[in-house]
Amino acid sequence: MESRRNPRAVVDPKVRQVGFFTSSQPDSTHQPDPIASESHPVASSISPSGNSLSPVMIPPPRHNSSDTFPLRAAAAAASAVSPSSFSYSTRRDFPDGSMTASPGRVSRASFSKPSSSLPGVGMDSMAAAKSSSVPASGLTTVSVVNMPPGLSEKESDQKKNSKPLKEKTTKAERRALQEAQRAAKAAAKAEGGKAPLVSSGSVASTNVKAAKPAKPSSQKNDVAVAAPGPSEKKGGQTEKDRKKDAPHPRMQYDDESRVVKAKRRAVVKQTEAKNRVELFRHLPQYEHGTQLPDLETKFFQLDPMHPAVYKVGLQYLSGDISGGNARCIAMLQAFQEVVKDYSTPSEKTLNRDMTAKISSYVSFLIECRPLSVSMGNAIRFVKNRIAKLPITLSESEAKAALQSDIERFINEKIIMADTVIVKHAVTKIRDGDVLLTYGSPTAVEMVLLHAHELKKKFRVLVVDSRPKLEGQLLLRRLIKRGINCTYTHINAVSYIMHEVTKVFLGASSVLSNGTVYSRVGTACVAMVASAFRVPVLVCCEAYKFHERVQLDSICSNELGDPNAISKVHGREDINYLDGLTNNANLQFLNLMYDATPSDYISMIITDYGMVPPTSVPVIVREYQKEHSLV
Amino acid sequence: MPDVQSTVLEFVNKLRKRKIEGSQATAKCTVELLRSVISQQRVPHSNQASALIDAVKAVGEQLVAANPVELAVGNVVRRVLHIIREEDLSLATAAMAGLDLLDASDDDGEDDNCKGVGYSAMSAAVAAAAARSTLRPPSLQTLLEGTPESAAVPYTSSSGADSESKTADKSSITRKLKHDVIEGVNHLILEISGCHEQIAEQAIEHIHQNEVILTLGSSRTVLEFLCAAKEKKRAFRVFVAEGAPRYQGHLLAKELVARGLQTTVITDSAVFAMISRVNMVIIGAHAVMANGGVIGPVGVNMAALAAKKHAVPFVVLAGSHKLCPLYPHNPEVLLNELRSPSELLDFGEFSDCLDFGAGSGSPLLQVVNPTFDYVPPSLVSLFITDTGGHNPSYMYRLIADYYSADDLVM
């Protein structure tokens, strides 16, 4: 082993560089210099801070980033023990009580794992914890990404040891392992020879027992962090990883070949709108209404589709269900039905088959209406859970587990999150406030109602816009509760902004550059508010956060029914555009969302508290992965 | 005389009921009305100008009171008053010239600022003084000449010239003044109805091939401006914000499409989303204030802010009758007009909470539906008027050319 590890000396600096970007630990742990390795207490004292999920981590001064002698590396490994063990102890409180520990967290918080996974030392310190494989499995990814070949090999060796423990596997783990394999292969290639052993080892360890949350994500983060570091040797590989980890580029509808392919698979035969806006060729635009009757007749013919999913899809299509939370809950409940009625076909495994099924349902739902970010996150969660179902579970057990998981997601991430948001947001409402809200955000509505229940005296300005006029629904509900309201349209927002003291907005999603992606018009309201120096508070559940970034509202958006613009509902006298809808010179653009730049937003209220928009990436990093696996 | 009174009343009623909309239409009607008032006005032998001014002012006050938000009415009344004063002045100077023709003029060169040839130094001084009092652009000559001369010459105001003039030649001047004034008013009518073409001529200098232009509201000026560029074979596309709740954008879109322009109708809420791909925002103003602020269709301020954020030029088209010599104070409220809530809400659905009579007096629900929006000068990149392009900071000077200071407060 030592001999194998020798070459690592060359690569080692890379590891530290990675650490440098995230937390203090990697430095302290990998520090090959004797001082660091000797001072265990110091290292461990650092680690808590690393594990404390503090959003801001100031990189410590790095001493000596070069060099490593094998011996020193070993020492480093030893030094690493304390921090890592520490972090484990903090994590003991996990439901299953086992050492399953959240490698995701660990990896996110610190890079101590690679070293902790070193067989001898790491395990010793945690002798009590029986699942020796845990760290290994959890950490493979990290090691893969960050660690020099020697180390990863070691781990895979270790994994071999843990083979007997094969019980639960999660998709995340498997993915991690694949990663590991790949890395190992690369490493082997680099080193020459070795490959077969490594790969077999890692394959064997597929079933290592269950590190719980967030491995893939942690992995992602690690990689993402690792990426910036100059990776000479494994450059190609990290590149690949990086590609994989960046959010997938969305389907671009101006890419003809892909559109044709997608069409072949499609269940819903949408007729494309003829008269389209040039700027938005990359987004799907269909003739609305045409496919609905067609689909309804197909209801009984589409056997691959579960009726519950089908129903939800139709509801999306017709617009009966809208709003991020409502759509997400409807979808999850449909999936619950799916799970309930599911039976594994012969010669197939539940994990794989169910995932495939869900995927096909999801693509059906996408055909009905493009997914919202919240739904995307929820789907990711469901798939993760399915993938992580232990093989040992019987089908009925697995189904029950899945159903309860989905239930839990709905309760914790959506319903509970909303109550927490309400609790936070209500503290910001004072007597005499004039609050402005736009559209019909559910979270904000709950905040307002709750504040009213608390007998706070305030007035609400409901700003609305065509064509959805969702504000009227909100207005109706607020008035019913006896809240004093003023209603106006979005054009008048600068007229009305003088009297406003706070603006509460909802969001469809918050992107990691702080951009708030929300109902179209939100950006206008936020802009006018900031021009009038009125604070803008955005209420958004953390499960809607996404690591994607966006600068404008054009690159990704959703197009609504263009006819909704030409026809003014309830105003028959406005008929200037009748009969012009098919004129080649005239297009209607019905954007559904827009992106509010973060500088217009004073504060984002999430279930994790109230944060400035600059802290969004931190929340995405620290929490989203965890929640997507719950 | 009585028939004038009745037409005035009719017009006042129309204004009060907001039957006439659009500043150009209003301005035109106002001028025509004033023209008939002037022509019907019987002029006394002495002090004709002030008689005319009084008559116009009386009618003008009624008109302005009928719709104080329609600033074009006031503008036009002031313009007519200015015309009367100017004609009076020029007649006066002409009379002076006739009187003093005997005096050998020692300096012939200094007469560009008044019409006529070869005035005496005396009449030039009168003209210079009058020019200053009517806020004409100061030429170098008046600046150099005026100050020393005015100290020497006893009559410096137009009224002085007035009294001078009537001593000159009553019979010929009586008819001449009215005639000249009506001539001037006719010019003004021509100017108002021709301002579209004047402005549209400049389109080619501002709209380039393949540009994307955002506009909102329905303005004939904008329509002509865009079409002028289109006629010059410039291919560009236009985004039109629909302008709820009046949907004037639909109207504009319809006309643009009829003229063959590539038009895209967007919702008002999508203005911010689209502005990053827009090369220029062009709007027609309802009125331009002396500080360079703009009163435009509701929603304009939002577009202007968005344009500012994305550094998109925000261009305002305004005919000269829209230039208002007043400085705005709290224009969002004071120069605004609230329209019926029925444009926003269905009364049937919300009637229970809109009722002022029921319950404690103040209803639970209020609906705000303003007509106009105010854009501060800092958000405007350029004004295009029939005299060319101007900076917002220059508007006060431009406006001073059209009005005399005496009429600012009516």
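Top to bottom, those sequences are chains A and B. Per the working numbering: the first sequence = residues 1 to 630. Per the working numbering: the second sequence = residues 631 to 1040. Using N, Cα and C, we set each Cβ at its ideal position, and we do this for glycine too.
Where residue i falls, given that 16 or more other Cβ within 10 Å makes a residue buried
i, result
"ALA865 of chain B", "exposed"
"THR1001 of chain B", "buried"
"CYS659 of chain B", "buried"
"GLY952 of chain B", "This sequence places Lys at residue 952 of chain B; Gly is not what is there. Looking at its Cβ environment, which holds 16 or more other Cβ atoms inside 10 Å, LYS952 of chain B is buried."
"HIS452 of chain A", "buried"
"HIS591 of chain B", "The requested residue 591 of chain B is not part of the displayed model; chain B covers only 631 to 1040."
"CYS368 of chain A", "buried"
"SER615 of chain A", "buried"
"PHE977 of chain B", "exposed"
"GLN635 of chain B", "exposed"
"SER849 of chain B", "buried"
"ALA657 of chain B", "buried"
Nearest residue (CA-CA) to residue i, options the options
i, options, result
"ASP418 of chain A", "A:ASN557, A:LYS544, A:ALA400, A:ALA262", "A:LYS544"
"THR488 of chain A", "B:THR1015, B:ASP1003, B:LEU975", "B:LEU975"
"ALA934 of chain B", "B:ALA917, B:GLY949, B:LYS952, B:ILE913", "B:ILE913"
"ILE429 of chain A", "A:LYS455, A:ASN411, A:PHE409, A:GLU412", "A:LYS455"
"VAL463 of chain A", "B:LEU881, B:LEU663, B:PRO875", "B:PRO875"
"ARG708 of chain B", "B:VAL699, B:GLU691, B:THR723", "B:GLU691"
"ARG672 of chain B", "B:VAL706, B:THR656, B:LEU807", "B:LEU807"
"ARG646 of chain B", "B:ALA696, B:VAL634, B:ILE683, B:MET910", "B:ALA696"
"LEU389 of chain A", "A:ASN351, A:GLY376, A:ARG408", "A:ASN351"
"PRO958 of chain B", "B:ARG665, B:ASP1003, B:ARG969, B:THR1017", "B:ASP1003"
Inter-residue Cα distance where the pair is residue i and residue j
i, j, result
"THR442 of chain A", "GLY506 of chain A", "7 Å"
"TYR361 of chain A", "VAL382 of chain A", "12 Å"
"HIS282 of chain A", "ASN840 of chain B", "20 Å"
"GLU872 of chain B", "THR581 of chain A", "15 Å"
"GLU278 of chain A", "LEU1028 of chain B", "41 Å"
"GLN678 of chain B", "ASP1037 of chain B", "17 Å"
"PRO467 of chain A", "PHE588 of chain A", "12 Å"
"GLY201 of chain A", "THR392 of chain A", "Any reading at GLY201 of chain A needs caution, since the residue's pLDDT is 41, under 50, leaving its predicted position unreliable; the model's value is listed next. Those two C-alpha atoms are separated by around 22 Å."
"GLU640 of chain B", "LEU663 of chain B", "11 Å"
"GLU412 of chain A", "ALA833 of chain B", "59 Å"
"ALA888 of chain B", "HIS880 of chain B", "12 Å"
"VAL447 of chain A", "LEU820 of chain B", "59 Å"
"GLY439 of chain A", "ARG258 of chain A", "35 Å"
"TYR1033 of chain B", "MET497 of chain A", "35 Å"
"GLY514 of chain A", "HIS826 of chain B", "45 Å"
"GLY929 of chain B", "PRO249 of chain A", "35 Å"
Pair within 8 Å by beta-carbon distance, residue i and residue j
i, j, result
"PHE855 of chain B", "ILE896 of chain B", "no"
"SER512 of chain A", "PRO597 of chain A", "no"
"TYR253 of chain A", "VAL998 of chain B", "no"
"ILE668 of chain B", "VAL694 of chain B", "no"
"ALA948 of chain B", "VAL918 of chain B", "yes"
"PRO535 of chain A", "SER602 of chain A", "yes"
"PHE980 of chain B", "LEU995 of chain B", "yes"
"LEU449 of chain A", "PHE504 of chain A", "no"
"ILE822 of chain B", "ARG665 of chain B", "no"
For residue i, three-class secondary structure by DSSP
i, result
"MET331 of chain A", "helix"
"CYS368 of chain A", "helix"
"ASP1031 of chain B", "helix"
"HIS880 of chain B", "helix"
"PRO390 of chain A", "coil"
"PHE866 of chain B", "coil"
"LYS480 of chain A", "helix"
"SER1011 of chain B", "coil"
"ASP67 of chain A", "Caution is warranted here: a pLDDT of 44 is assigned to ASP67 of chain A, below 50, making its placement in the model unreliable, and the coordinate value is therefore given only provisionally. Here ASP67 of chain A sits in coil by DSSP."
"VAL928 of chain B", "coil"
"GLY514 of chain A", "coil"
"ASP431 of chain A", "coil"
"PHE1002 of chain B", "strand"
Under 8 Å by beta carbon: chain E residues contacting residue i
i, result
"ILE496 of chain A", "The question asks about chain E, but that chain is absent: this structure's protein chains are A and B."
beta-carbon residue i near the ligand SAM non-hydrogen atom, thresh 7 Å
i, result
"ALA696 of chain B", "This structure simply doesn't include the ligand SAM, nor any ligand for that matter."
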